[in-house]
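Enquirer: Here it is: the structure, laid out below.
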Amino acid sequence: MKTEIPDLTGYQAKNFLWRVANRVGHLTLNRPEKKNPLTFESYAELRDLFRVLCDGGGVRVIVIDGAGCNFCSGGDVQEIIGPLTRMDEKGLLEFTRMTGDLIRAMRGCPQPIIAAIDGICAGAGAMIALASDFRIAAPGARTAFLFVRVGLAGCDMGACALLPRLIGQGRASELLYTGRAFDAAEGERIGFYHSVVAADELLPAAMKLAKELASGPTLAHALTKKMLHLEWNMSINEALDAEARAQAGLMQSNDFRRAYEAFAAKQKPVFEGD
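FYI, the numbering for the sequence shown is 3 to 276, going by this note's numbering.
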């Protein structure tokens with residue numbers, strides 16, 4: 003059942019930290035003593051939060067990080083992995099669909115998502131990073147799609163669809179078959195990370211990007227994210243037609259007019275999201 007979150011600026015999360023400032027939502031996975039693993043409850047709350055973010059809630063950009071110099075170590079061994087070995091098929095399918103629904107909600111919300119990654123980023127944590135729109139890493143980041151290490155396939159939470167599109171089929175195949183970890187330098191080289199910055203600059207760099215995006219045209223960013231997702235399944239001709247319709251629609255927005263008027267007046271446009 004979906005949890006009601008009527009006011010995102012004042013929402014008090016139960017399983018992680020959440021705060022909103024300057025239209026940027028900052029989500030921190032907050033179990034540092036165990037490298038920020040997920041539980042059944044945190045999976046569900048994350049899914050529900052991103053579903054509600056589809057309505058905006060005063061949030062234009064989202065930053066995700068982890069407490070204590072780690073991003074996320076995946077599913078909690080004691081609280082998730084152990085119980086899964088005792089579930090029946092129905093319960094297992096409900097769980098795997100819920101984890102997929104988290105990724106679906108992240109890709110479906112209109113706000114750009116920035117993952118700021120340090121330390122361990124593994125399993126479900128790697129998938130949360132992968133489902134984000136931007137990934138910035140500290141030099142100590144180590145990422146692994148380690149599902150095979152626990153006897154599971156690499157096809158988890160959309161990994162076989164998302165990872166090849168980001169880094170290519172060959173590299174994705176190697177990482178998903180072996181489950182090996184890659185460091186920040188390799189991650190930047192293969193295109194998984196957009197940039198690598200010093201550890202003490204990680205959150206400031208993510209927030210700087212978030213503020214730049216938050217000051218931009220909200221409708222346009224949302225449509226860019228939507229079309230990046232939808233055009234995976236389109237031919238070039240279909241994509242050209244879809245983009246023509248999308249862009250023509252935005253040309254009727256007030257933000258488009260504001261941008262023109264600001265340009266004509268040699269001023270910086272102030273976008274209002276309408």
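Idealized CB from N, CA, C, for every residue including glycine.
Out of 108, 86 and 35, which has the shortest C-alpha to C-alpha gap to residue 51?
Expert: Position 49 of the sequence shown holds residue 51. The candidate whose alpha carbon is nearest that of residue 51 is 108.
Enquirer: Does the Cβ of residue 171 have 16 or more other Cβ atoms within 10 Å, making it buried, or fewer, making it exposed?
Expert: Locating residue 171 in the sequence shown gives position 169, where the first residue counts as 1. So residue 171 counts as exposed.
Enquirer: Going by DSSP in three states, residue 10 sits in which element: helix, strand or coil?
Expert: In the sequence shown, residue 10 corresponds to position 8, counting from 1. Residue state, collapsed to three classes: coil.
Enquirer: In this structure, how does DSSP classify residue 199 when only helix, strand and coil are distinguished?
Expert: Residue 199 sits at position 197 when you count from the first residue of the sequence shown. Looking at residue 199 - three-state DSSP - the assignment turns out to be coil, as it is neither helix nor strand.
Enquirer: Three-state secondary structure (DSSP) at residue 182?
Expert: On the sequence shown, residue 182 is found 180 positions in, with the first residue counted as 1. Here residue 182 sits in coil by DSSP.
Enquirer: What residue does the beta strand (DSSP E) around residue 136 start on, and which one ends it?
Expert: Taking the sequence shown and counting its residues from 1, the one referred to as residue 136 is at position 134. Start and end: 136 to 139.
Enquirer: Near residue 30, what residues of its chain come up, given a Cβ to Cβ distance below 7 Å and the 5 sequence neighbours on each side ignored?
Expert: Position 28 of the sequence shown, counted from the first residue, corresponds to residue 30. If we look at residue 30 and ignore the five residues flanking it on each side, its Cβ neighbours are 18, 19, 67, 68 and 69.
Enquirer: Considering only DSSP beta bridges, list what residue 28 is partnered with.
Expert: Looking up residue 28 in the sequence shown gives position 26. Answer is 21 and 65, bridged to residue 28.
Enquirer: Starting from residue 247, trace the beta strand (DSSP E) both ways and give me its first and last residue.
Expert: As a first step, residue 247 is located in the sequence shown; it is residue number 245 there, counting from the start. Not the beta strand (DSSP E): residue 247 falls in the alpha helix (DSSP H), residues 238 to 252.
Enquirer: Run through the region 84 to 148 for me and flag every whole alpha helix (DSSP H) of 4 or more residues, listed as ranges in chain order.
Expert: With a minimum length of 4 residues, the continuous alpha helix (DSSP H) runs that stay inside the region 84 to 148 are 91 to 110 and 126 to 133.
Enquirer: Roughly how far, in whole angstroms, is the beta-carbon of residue 133 from the beta-carbon of residue 101, given that I think they are within contact range, below 8 Å?
Expert: Taking the sequence shown and counting its residues from 1, one reaches residue 133 at position 131. Taking the sequence shown and counting its residues from 1, one reaches residue 101 at position 99. Contact flag wrong, Cβ pair sits at about 11 Å.
Enquirer: Could you give the first and the last residue of the continuous alpha helix (DSSP H) run that contains residue 162?
Expert: For the purposes of this step, residue 162 is taken as residue 160 along the sequence shown, with counting starting at 1. Start and end: 161 to 169.
Enquirer: I'd like to confirm the pairing. Which residues does DSSP put opposite residue 48 in its beta bridges?
Expert: As a first step, residue 48 must be located in the sequence shown, where it is residue number 46. None, per the DSSP bridge assignment.
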